[in-house]
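Take the sequence shown: its letters are residues 8 to 225, numbered as in this note's numbering.
Glycine included, every Cβ here is placed at the ideal spot set by N, Cα and C.
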Amino acid sequence: MKIFLDTADTNEVRKFLDAGLVDGITTNPTLIANSGRNLFEVITELSQMVMGPISAEVTATDWQGMVTEGRKLAKISKYVTVKVPLTFDGLKACHALISEGIMVNVTLCFSSTQALLAAKAGATFISPFVGRLDDISINGMKLIEKICNIYANYPSINTQVLVASVRHPLHVVEAAQLGADIVTIPTKVLEQMIKHPLTDKGLESFLNDWNSTGQSIL
Ligand code: G3P
8 MKIFLDTADT NEVRKFLDAG LVDGITTNPT LIANSGRNLF EVITELSQMV MGPISAEVTA
68 TDWQGMVTEG RKLAKISKYV TVKVPLTFDG LKACHALISE GIMVNVTLCF SSTQALLAAK
128 AGATFISPFV GRLDDISING MKLIEKICNI YANYPSINTQ VLVASVRHPL HVVEAAQLGA
188 DIVTIPTKVL EQMIKHPLTD KGLESFLNDW NSTGQSIL
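Printed below as a string of structure tokens:
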């Protein structure tokens, strides 16, 4: 399973790149606003750092406007994936941009019918928002299960399931168990995935015992 970071904070991304943990990045207008930086500067920097799919979201709501914005975003880098919302105009824009060879991530997906139509429109990635469904007492991972099952019935579907709105490590575990292609996660969740108190305790114990030998490896 691929791991994307869901952030526009290039400093945060840099921390995890060296460990080979980052396969791509997703941003959205909120994350760009939170970064306090220019969209084009951030996407350019992320493309140079990660060299994997970088999602940049359009802000137009009409399909022609989405296509115009998407073409401009795609010019930033070959890694740019244009994010469009799962609306009728978004599906039309997706179909148009895909036909021009531009990668498209269809976002704000909340149902399996939406995901089926995004695949029909040729989306490169579909982003179901599991956390926001959980927030209203609907099991978000059940949606992922449905989408993975539906897509598996049709080998002609090449759309990759990109699990988004991830709130904690168990979302990542369930996504992997269901066979989702990608999770996009906040850096906080990635840090939680690494940490375990027994690892810290065991390491402390090893080092204390090693130090008692008075030896040094170097
Ligand atoms: O990529 C979509 C993601 O940023 C949305 O997450 O936590 O705002 O639902 P959240």
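From residue i to residue j, what does the alpha carbon distance come to, in whole angstroms?
{"i": "Leu28", "j": "Ile10", "result": "7 Å"}
{"i": "Pro193", "j": "Phe23", "result": "12 Å"}
{"i": "Asn218", "j": "Lys202", "result": "24 Å"}
{"i": "Gln222", "j": "Thr206", "result": "23 Å"}
Using a threshold of 7 Å, is the CB atom of residue i nearer than that to any non-hydrogen atom of ligand 1?
{"i": "Asn146", "result": "no"}
{"i": "Gly138", "result": "yes"}
{"i": "Ala125", "result": "no"}
{"i": "Ala81", "result": "no"}
{"i": "Leu38", "result": "yes"}
{"i": "Asp96", "result": "no"}
{"i": "Ser134", "result": "yes"}
Going by the beta-carbon positions, is the gap between residue i and residue j smaller than 8 Å?
{"i": "Ala187", "j": "Val170", "result": "yes"}
{"i": "Phe33", "j": "Ser62", "result": "Checking the sequence, you will find Thr at residue 33 rather than Phe. Taking 8 Å as the Cβ cut-off, Thr33 and Ser62 qualify as a contacting pair."}
{"i": "Val87", "j": "Cys101", "result": "no"}
{"i": "Gly77", "j": "Leu104", "result": "yes"}
{"i": "Ala126", "j": "Tyr158", "result": "yes"}
{"i": "Ala183", "j": "Ile151", "result": "no"}
For residue i, count neighbouring Cβ atoms within 10 angstroms of its own Cβ and tell me buried if that reaches 16, exposed if not.
{"i": "Ser119", "result": "buried"}
{"i": "Asp25", "result": "exposed"}
{"i": "Thr191", "result": "buried"}
{"i": "Leu124", "result": "buried"}
Within the same chain, show all residues whose beta-carbon is closer than 8 Å to that of residue i, passing over the 5 residues directly before and after it, in chain order.
{"i": "Gln167", "result": "Thr131, Phe132, Ile133, Asp188 and Ile189"}
{"i": "Thr51", "result": "Ile83 and Ser84"}
To which residues of the same chain is residue i closer than 6 Å at the C-beta, ignoring the five residues directly before and after it?
{"i": "Glu19", "result": "Thr194"}
{"i": "Gly31", "result": "Phe11, Gly59 and Pro60"}
{"i": "Ala15", "result": "Thr34, Leu38, Ile39, Ser42 and Val49"}
{"i": "Ala67", "result": "Met73 and Glu76"}
Who are the Cβ neighbours of residue i in its own chain at under 7 Å, not counting the five residues just before and after it?
{"i": "Lys153", "result": "Ser119"}
{"i": "Arg21", "result": "Met56"}
{"i": "Val74", "result": "Ala100, Ala103 and Leu104"}
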